[in-house]
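Let me begin by presenting the structure, written as structure tokens, before commenting on it.
Protein chains in written order, with our numbering: chain A, 33 to 320; chain B, 2 to 152; chain C, 266 to 603.
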């Protein structure tokens, strides 16, 4: 058993034995050897926890089901969650949007060697410069050596697409969204998407029809990318969850890049700062 | 006689500045293309980018969003928020294949009647050149939500 | 046994493509999916199982049920008859899904008009599985890698071609004029998985309805709709009247029916806001109970064909075969205690 897994299990066991949290959210292996999320509530189950490069969901998403008090006069449950550096930024995002309180969470952070989607290393991971989480309660070092790249160039595929004509881009996205089955796995795997009723499902006001056709699917994906402007942390849980392997992270990374250039802003740096689109600078003049 | 493509343009005008500017253009008898369908909102900050995308999906070939000049918003900050939103939305729409020129965001004040007409005319000509929006080409459930222009 | 060669098979498919809608498995960026094709060159041979089932051609993702024109008077019309469609390369598990669909949409009144029309226009040419693959479990639910149920023709790969079994009148009709040989060739038995869990009968499942197992299982569920959408037998849908045209004095609506899933949060929400299945536990439990208890008891057919697509597609690794196995073990404990 790897040193990393030993440490994760030890941290979880301690948190549960000392009743610091009532649940530890991590990953386990199923009988087929595949990774899936695990909810450990008993200290003796802590030895189910493991971590490897296929752990590519964002477990912070599950905090949404543990952020409210379960009943009258009952406290909000305390949870420990296993996080990569990108996942921790979602924690800061949710704190700044007043969804969760830091004191109810324990962060089991890992220094991340990079994760895979569909057997391929994630694009962002190959160029990620941030291998240590910005916040943690327990920090566990990765087993594998971490090579920090020399330059941040996670936008190569986007730059290539920007050189195409608009018609080519439209054709590309229409072909991709033709495969989309509008299952909403992307939206539901995302910690930033916690709207009670998504605009794509609203009847009143009625934004889009229920048809599973390309224009409706494009509406959903474009609006989701826009609603995550300044809120997407780049964990790519959406792309990991997608059953049809649609390159969703391109849309989100494009928006993140524009925001970085225009406002020098990266989501999740500081839990105290106000959301990007809820503030403004009276002196800024942007190209609208 | 060949029928020229007449674009359908939806424009969101803020009540206090751009809509008043459009009124002024009308009372000054300055004519501008009839392709635009005007939707009056209290402030450009009210315009959710959802409206813009829905307009495109409902058959619009071009969308204009006109608000007050920065610093002159009737509600103090509305147009600053709008500026941020549209700076981002514009880039996103461009990336997904809707040409940059199809969405036009600008500031037109209540006294700029002539400018309103100029802006609308220029935009309409641009969209006429760009042609119909390809996004809805194969949408079998969209027949006709924006009425034809009666010319 | 009728045997046709690959060459004659492709000729036959070319002819069919000219006469009617031909649907077959194609390779789209590494994923196998069923698509309408114009020529057999586009077919991806040697596929295991497609990502999505072929149910789109008898239960479309989005379908117009009625067209309503509201002007001075209201006119309601039905959309045109669906085109005759032949689906080639249907695996026996996918073919058995029409049994589940027929049980609800045809055999129990009222008959679903759209489904009936699609079914009438549908011909399915099956391709027998040489083996059971990773997540397959058709044997557990009454199927088999070489099952003939629901198909019009079954092809089984043999040396230098395919053995053809004509199973229905529709199958015989479209096979007319195809060159074949009569040979006494034996088709190999498919390789099967041994040791698959046993599925408990529908009347036994009620004993576990309030078990804590469902809550633990549903902790990681996202309430997305992937499992239902990739499932060959899932048939829940949403209906809405959508405005498609607005002209002076005339409103045109289409009554659209689109895929939906009982696992979605708002699926069972009713007017007034009440939601009988407001927790993930209730929704996920309903999914399994529908397949293995409610559907067999109400309509006489299991709601699962053992294709295993949900196991591959679920983003959080919820495994229906594991559920079947755990239900078996839990019922053993319950029955010992009784």
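Glycine included, each C-beta is placed from N, C-alpha and C at the ideal position.
- Here residue 311 of chain C is exposed: its Cβ has fewer than 16 other Cβ atoms, across all protein chains shown, within 10 Å.
- Here residue 78 of chain A carries a helix assignment [DSSP, helix/strand/coil].
- Taken in chain order, the complete beta strand (DSSP E) segments of 3 residues or longer contained in the region 147-221 of chain A are 170-172.
- When C-beta distances to chain B are compared with 8 Å, the residues of the region 491-514 of chain C below that value are 507, 508, 509, 510, 511, 512, 513, in chain order.
- Not one beta carbon of chain C lies nearer than 8 Å to the beta carbon of residue 203 of chain A.
- For the beta strand (DSSP E) assignment, the uninterrupted runs of no fewer than 3 residues enclosed by the region 402-480 of chain C are, from N- to C-terminal side, 418-423, 426-431.
- An exposed status is given to residue 227 of chain A, since fewer than 16 other beta-carbon atoms sit within 10 Å of its beta-carbon.
- The alpha-carbon of residue 82 of chain A is positioned some 26 Å away from that of residue 125 of chain A.
- Contacts with chain A at 8 Å (Cβ-Cβ) do not include residue 7 of chain B.
- Here residue 255 of chain A is buried. Its C-beta has 16 or more other C-beta atoms within 10 Å.
- Residues are counted here when their Cβ sits less than 8 Å from a Cβ of chain A; for the region 351-363 of chain C the count is zero.
- Contact between residue 298 of chain C and residue 316 of chain C holds, with the beta-carbon distance rounding to 5 Å and staying under 8 Å.
- Of all residues in the region 68-85 of chain A, none comes within less than 9 Å of chain B when Cβ atoms are compared.
- Within the same chain, and ignoring the five residues on either side of residue 443 of chain C in sequence, the residues whose Cβ sits closer than 7 Å to its Cβ are 269, 273, 277.
- Shown in chain order are the members of the region 54-68 of chain A whose Cβ falls below 8 Å from a Cβ of chain C: 62, 63, 64, 66, 67, 68.
- In the three-state DSSP reduction, residue 250 of chain A falls in the helix class (H, G or I).
- Within a 10 Å sphere around the beta-carbon of residue 154 of chain A sit 16 or more other beta-carbons, which makes this residue buried.
- Taking CB atoms only, residue 521 of chain C has a neighbour in chain A less than 8 Å away.
- By the C-beta density criterion, residue 297 of chain A is exposed, having fewer than 16 other C-beta atoms within 10 angstroms.
- At a cut-off of 8 Å, the C-beta of residue 543 of chain C has no neighbouring C-beta in chain A.
- The contact set of residue 517 of chain C on chain B, defined by CB atoms closer than 7 Å, consists of 144 in chain order.
- For residue 267 of chain A, the closest C-alpha among the options A:91, A:69, A:39 is that of A:91.
- Collapsing the DSSP output to three states places residue 335 of chain C in a strand.
- Taken through DSSP and simplified to helix, strand or coil, residue 66 of chain A comes out as coil.
- Taking a C-beta distance under 8 Å as the contact criterion, residue 294 of chain A and residue 309 of chain A do not qualify as a contact pair.
- At a cut-off of 8 Å, the C-beta of residue 398 of chain C has no neighbouring C-beta in chain A.
- If you ignore the 5 residues before and after residue 241 of chain A, its C-beta comes within less than 8 Å of the C-beta of 248, all in its own chain and listed in chain order.
- Apart from sequence neighbours up to five positions away, the residues of its chain that approach residue 250 of chain A with a beta-carbon distance below 6 Å are 209, ordered along the chain.
- DSSP lists A:140 as the beta-bridge partner residues of residue 114 of chain A.
- For residue 191 of chain A, no chain B residue has a Cβ inside 9 Å of its Cβ, as the nearest lies near 11 Å away.
- In the displayed model, residue 71 of chain B falls within coil according to three-state DSSP, outside both helix and strand.
- Residues are counted here when their Cβ sits less than 7 Å from a Cβ of chain A; for the region 48-60 of chain B these are 50, 51, 54, 55, 58, given in chain order.
- Proximity of chain C to residue 215 of chain A at the Cβ level (cut-off 7 Å) is accounted for by 489, 490, 491, 494, in chain order.
- By the criterion of at least three beta-carbon pairs nearer than 8 Å, the region 563-570 of chain C is in contact with the region 493-501 of chain C.
- Excluding its 5 nearest sequence neighbours in each direction, residue 239 of chain A has C-beta neighbours in its own chain below 6 Å: 231, listed in chain order.
- Taking a contact to require three or more Cβ pairs closer than 8 Å, the region 591-601 of chain C and the region 473-485 of chain C qualify as touching.
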